[in-house]
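Peer 1: All residue numbers for the sequence shown refer to our numbering, where the first residue is 919 and numbers rise by one.
Cβ atoms here follow ideal geometry from the backbone N, Cα and C, with glycine treated the same way.
This structure is a prediction, so every number in the text was calculated from the model and none was measured.
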Amino acid sequence: GEKFDPFKHEALLTVDSPDHENNEIVDELMKGYTLKDKVIKYSKVRVCKKAKKEE
């Protein structure tokens, strides 16, 4: 439910999910680590990307 932050996360996959907002993390595939506010290993995540509706 967290917003995607490219400075803390690495997006591996995108999905169109009706249950999530645009650019919201759907799930975490691999855990990331920080040390004193510095990223040691980025979290690998799946992010919701809404499809554009055609008119």
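Hey, quick one: how far does the beta strand (DSSP E) through tyrosine 960 stretch, first residue to last?
Peer 2: Translated into positions along the sequence shown, residue 960 becomes position 42. Where tyrosine 960 is concerned, there is no enclosing beta strand (DSSP E), given that its DSSP letter is neither H nor E.
Peer 1: Taking DSSP's pairing of strands, which residues face aspartate 945 in a bridge?
Peer 2: To locate residue 945, count along the sequence shown from 1; it is residue 27. DSSP lists Arg964 as partners of aspartate 945.
Peer 1: Going by the beta-carbon positions, is the gap between serine 935 and glycine 950 smaller than 8 angstroms?
Peer 2: Looking up residue 935 in the sequence shown gives position 17. Looking up residue 950 in the sequence shown gives position 32. No, the pair does not count as a contact, with Cβ atoms beyond the cut-off.
Peer 1: Tell me the rounded alpha-carbon separation between lysine 959 and threonine 952.
Peer 2: For the purposes of this step, residue 959 is taken as the residue at position 41 of the sequence shown. For the purposes of this step, residue 952 is taken as the residue at position 34 of the sequence shown. Those two C-alpha atoms are separated by around 7 angstroms.
Peer 1: Nearest-angstrom Cα distance between valine 944 and valine 957?
Peer 2: By one-based count along the sequence shown, residue 944 stands at place 26. By one-based count along the sequence shown, residue 957 stands at place 39. Roughly 21 angstroms between the two C-alpha positions.
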